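S.K.: Chains Z and L, in that order, give the protein sequences.
Under my numbering, residues 1 to 117 are what the first sequence spells out, in order.
Under my numbering, residues 1 to 115 are what the second sequence spells out, in order.
Built from N, CA and C at the ideal position, the CB exists for glycine as well.
For clarity, every value in this text was computed on a predicted model and none was experimentally measured.
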Amino acid sequence: QKEVEQDPGPLSVPEGAIVSLNCTYSNSAFQYFMWYRQYSRKGPELLMYTYSSGNKEDGRFTAQVDKSSKYISLFIRDSQPSDSATYLCAMDLNLGAGGTSYGKLTFGQGTILTVHP
Amino acid sequence: DSGVTQTPKHLITATGQRVTLRCSPRSGDLSVYWYQQSLDQGLQFLIQYYNGEERAKGNILERFSAQQFPDLHSELNLSSLELGDSALYFCASSIRTGGFTDTQYFGPGTRLTVL
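See below:
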């Protein structure tokens, strides 16, 4: 079983819909949680990052972490055709009291999202 | 454009061969990371270098090796290639040694096809 599970979709929604993307994980040592967006034939780009449980909002995007359930989510409000991409969750460990990590990101499989006009 | 460059864009080779993938990090970035992306395994961390030194290793095969040169560019060497090595190989770079707030910027990738 993979350390990080993500439904690959594909997910198809109409423009303006609220999109919910989710990942579950098994390693309780993961402390840092990220969402990357990958357009076709491009490298992943960081969308948002969060530390520990709670919510973080950035424009139309909200990242949510529930460490007790080992579950993270990304919500996209008022989705646009330009949001069509693969969304990857990524996680990293907390290696010490200083809160450092190596940057050995563990990624989910990615969810393919299409927003149609 | 992330500022990370990778060459070549595409590589087609035969089983048993050896190839070298090249990565130039963003200006000022000291860390370079290599990842492999395949349909069945997803995006997987291979190895990280910081300022010329190996810093972290993932599930990198013994047939694969990497290095970071004094000018901070990095090369990933893949030898005795097998069909299963066909994948997208990404390089990423970051300013520091890695970590939560040390954003990794990914290059456009090299698509390797082993026939």
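Do the CB positions of Z/Phe-107 and Z/Leu-93 come within less than 8 Å of each other?
M.R.: In the first sequence, counting from the first residue as 1, residue 107 of chain Z sits at position 107. In the first sequence, counting from the first residue as 1, residue 93 of chain Z sits at position 93. In this structure, Z/Leu-93 does not lie closer than 8 Å to Z/Phe-107 by Cβ.
S.K.: Any beta carbon from chain L within less than 8 Å of Z/Leu-93's own beta carbon?
M.R.: Sequence index remark: in the first sequence, residue 93 of chain Z carries index 93 (1-based). Not one chain L Cβ lies under 8 Å of Z/Leu-93.
S.K.: With a threshold of 8 Å between beta carbons, is Z/Phe-107 in contact with chain L?
M.R.: Counting from one through the first sequence, the residue named residue 107 of chain Z turns up at place 107. Chain L contact via Cβ: present.
S.K.: Can you name the residues that DSSP bridges to L/Thr-113?
M.R.: To locate residue 113 of chain L, count along the second sequence from 1; it is residue 113. In DSSP, L/Thr-113 forms a bridge with L/Ile-12.
S.K.: Buried or exposed for L/Lys-9, going by 16 or more other Cβ atoms inside 10 Å?
M.R.: Taking the second sequence and counting its residues from 1, one reaches residue 9 of chain L at position 9. L/Lys-9 comes out exposed.
S.K.: Mind checking whether Z/Thr-86 and Z/Thr-111 have CB atoms under 8 Å apart?
M.R.: Along the first sequence, one-based indexing puts residue 86 of chain Z at 86. Along the first sequence, one-based indexing puts residue 111 of chain Z at 111. Yes, the pair counts as a contact, with Cβ atoms nearer than the cut-off.
S.K.: By DSSP, does Z/Ser-20 sit in helix, in strand, or in coil?
M.R.: For the purposes of this step, residue 20 of chain Z is identified with residue 20 of the first sequence, where counting begins at 1. Residue state, collapsed to three classes: strand.
S.K.: Under 8 Å, Cβ to Cβ, is there at least one residue of chain L near Z/Lys-70?
M.R.: For the purposes of this step, residue 70 of chain Z is taken as residue 70 along the first sequence, with counting starting at 1. Taking Cβ atoms only, chain L never reaches closer than 8 Å to Z/Lys-70, which makes this a no.
S.K.: Under 8 Å between the Cβ atoms of L/Thr-192 and L/Leu-81?
M.R.: The displayed coordinates of chain L run from 1 to 115. Any statement about residue 192 of chain L would go beyond what the structure contains.
S.K.: Return helix, strand or coil for Z/Ser-164, following the three-state DSSP convention.
M.R.: A question about residue 164 of chain Z goes unanswered here, because the residues of chain Z that appear run from 1 up to 117.
S.K.: Pick out whichever of Z/Met-34, Z/Arg-77, Z/Ile-72 and Z/Ser-53 has its Cα sitting closest to the Cα of Z/Arg-60.
M.R.: Along the first sequence, one-based indexing puts residue 60 of chain Z at 60. Residue Z/Arg-77 is the option with its Cα nearest to Z/Arg-60.
S.K.: For L/Leu-83, which three-state DSSP category applies?
M.R.: In the second sequence, residue 83 of chain L corresponds to position 83, counting from 1. Residue state, collapsed to three classes: helix.
S.K.: Compute the distance between the beta-carbons of Z/Ser-79 and Z/Glu-5, then report whether it is under 8 Å.
M.R.: Sequence index remark: in the first sequence, residue 79 of chain Z carries index 79 (1-based). Sequence index remark: in the first sequence, residue 5 of chain Z carries index 5 (1-based). No, Cβ-Cβ distance for Z/Ser-79 and Z/Glu-5 is not below 8 Å.
S.K.: Looking at chain Z, is there any beta carbon in it that lies within less than 8 Å of the beta carbon of L/Thr-5?
M.R.: Working through the second sequence from its first residue, we reach residue 5 of chain L at position 5. No, no contact with chain Z.
S.K.: Going by the CB atoms, is the gap between L/Ala-92 and L/Gln-37 shorter than 8 Å?
M.R.: Indexing the second sequence from 1 puts residue 37 of chain L at position 37. Indexing the second sequence from 1 puts residue 92 of chain L at position 92. No, they are not a contact pair.
S.K.: Using the beta-carbon of each residue, which ones in chain L are nearer than 8 Å to Z/Pro-117?
M.R.: Within the first sequence, the letter at position 117 stands for residue 117 of chain Z. Within 8 Å Cβ-Cβ: nothing; Z/Pro-117 doesn't reach chain L, min ~27 Å.
S.K.: What residues from the region 46 to 63 of chain Z come within 7 Å of chain L, judged by C-beta to C-beta, listed N to C?
M.R.: Leu-46, Tyr-49 and Tyr-51
S.K.: So with Cβ pairs under 8 Å, would you call L/Thr-110 a contact of chain Z?
M.R.: The residue given as residue 110 of chain L occupies position 110 in the second sequence. Chain Z, which has no Cβ nearer than 8 Å to the Cβ of L/Thr-110, makes this no.
S.K.: Output yes or no for whether 8 Å exceeds the beta carbon distance between L/Leu-30 and L/Arg-111.
M.R.: Residue mapping note: residue 30 of chain L aligns to position 30 of the second sequence, counting from 1. Residue mapping note: residue 111 of chain L aligns to position 111 of the second sequence, counting from 1. No, the pair does not count as a contact, with Cβ atoms beyond the cut-off.
S.K.: Have a look at Z/Ser-69 and Z/Pro-8 and give me their C-alpha separation to the nearest angstrom.
M.R.: Translated into the one-based positions of the first sequence, residue 69 of chain Z becomes position 69. Translated into the one-based positions of the first sequence, residue 8 of chain Z becomes position 8. Going by the C-alpha atoms only, they are around 20 Å apart.
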